[in-house]
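Participant: This structure is in structure tokens; I'll ask about it shortly.
Following this line, the structure appears as structure tokens:
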């Protein structure tokens, strides 16, 4: 068996220097990185899912109930890997370049992120950066795994992780046949101001995940929001009829918001709101932060999410 491990090591080295294109240029990684740092959203989960604890990673800025900066699935995986004191950057107000530099990374993973060109340049002085390919905050979870794992020198393991995650999703979706063929739109309403609403485009990872559950945007919505790169579009509530072809509305909210929508003279006429085929994700639910999926969050929240959507789908005649 000694020989086999040697040959696979040589395979690994033969890919270096490794070049990965991104929005700001091409990242060159000279040899297989040992020390992995990750920044912004969910990139640490890719490293952890592949069994590598990052030398430092960004605090989750959303959905965390304590000051650990850790979402439940990240914490669970750290426990499994026996990491009691992870180095979590306190960077919810902006990147902490000093803390990143102090963790002495060989590579910085940011395939799903919103870093600017300036930040990219500053980070690149610390270590090679795996940034997003096209535009901020639009990398799919599969692309995120593919690019981050490639940056770690673990592309094959990354591809395997993608397949395993797809299998989990498909097995889960099979339990909810009522989802098949239904249309969905991700809409953000605010109880404070019902005169407008916001639709996430299919470039956003949240609707992209719904698509993997077999739920597609209706054609009229796809026509309305053409932009490939922007992840949301605002509408005045006078245009609420744009939602008429939507079987299921998904968004963040609770019973109170739903009541307000039902009672609203304009929005209350939207068929999905009228019949209650609305899947609102409550701020206390772990699904809130899993809307933007990572390999760890998908496993952790899949059944709860599908059950919520299944309930809404059951109300569509």
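In full-length UniProt numbering, the protein residues as written are 1 to 317. Don't be surprised by glycine CBs; every beta carbon is placed ideally from N, CA and C.
Check whether the stretch 259-270 and the stretch 298-308 touch, using three or more Cβ-Cβ pairs below 8 Å as the test.
Facilitator: Contact between the stretch 259-270 and the stretch 298-308 is absent, because fewer than three Cβ pairs lie under 8 Å.
Participant: For residue 208, which residues of its own chain have a beta-carbon under 7 Å away from its beta-carbon, when the five flanking residues on both sides are left out?
Facilitator: Excluding residues within five positions, the ones whose Cβ falls inside 7 Å are 140, 202.
Participant: Buried or exposed: where does residue 66 fall if 16 or more other Cβ atoms within 10 Å of its Cβ makes it buried?
Facilitator: By the 10 Å Cβ count, residue 66 comes out exposed.
Participant: So, does the stretch 126-136 touch the stretch 163-182, judging by three or more C-beta pairs under 8 Å?
Facilitator: The stretch 126-136 is not in contact with the stretch 163-182.
Participant: Tell me the residue span of the beta strand (DSSP E) that contains residue 61.
Facilitator: Note, residue 61: premise wrong, no beta strand (DSSP E); not H, not E.
Participant: What beta strand (DSSP E) runs, 3 residues minimum, are completely inside the stretch 132-183?
Facilitator: Qualifying beta strand (DSSP E) stretches: none in this window.
Participant: Would you mind reading off the limits of the alpha helix (DSSP H) that contains residue 43?
Facilitator: Looking at the DSSP string, the run of the alpha helix (DSSP H) that includes residue 43 is 43-49.
Participant: Per DSSP, which residues does residue 26 bridge with? Please list them.
Facilitator: Note: residue 26 sits in a beta bridge opposite 21.
Participant: Using the DSSP secondary-structure output, state which residues sit across from residue 197 in a beta bridge.
Facilitator: In DSSP, residue 197 forms a bridge with 235.
Participant: Would you tell me roughly how many angstroms separate the C-alpha atoms of residue 187 and residue 248, rounded to the nearest one?
Facilitator: Cα to Cα, the separation comes out at about 10 Å.
Participant: Please list, in chain order, all residues of the same chain as residue 225 whose beta carbon is under 7 Å from its beta carbon, the five residues on each side excluded.
Facilitator: The answer, listed in chain order, is 199, 201, 233.
Participant: Enumerate, from N- to C-terminal direction, the unbroken beta strand (DSSP E) stretches of 3 or more residues contained entirely within the stretch 58-124.
Facilitator: Runs of the beta strand (DSSP E) inside the stretch 58-124: 107-109.
Participant: May I have the straight-line CA-CA distance separating residue 83 from residue 53, to the nearest angstrom?
Facilitator: When rounded, the distance between both Cα atoms is 8 Å.
Participant: Evaluate residue 81 with the Cβ neighbour count: other Cβ atoms within 10 Å of its Cβ, from every protein chain shown; 16 or more gives buried, anything less gives exposed.
Facilitator: With fewer than 16 other Cβ atoms within 10 Å, it is exposed.
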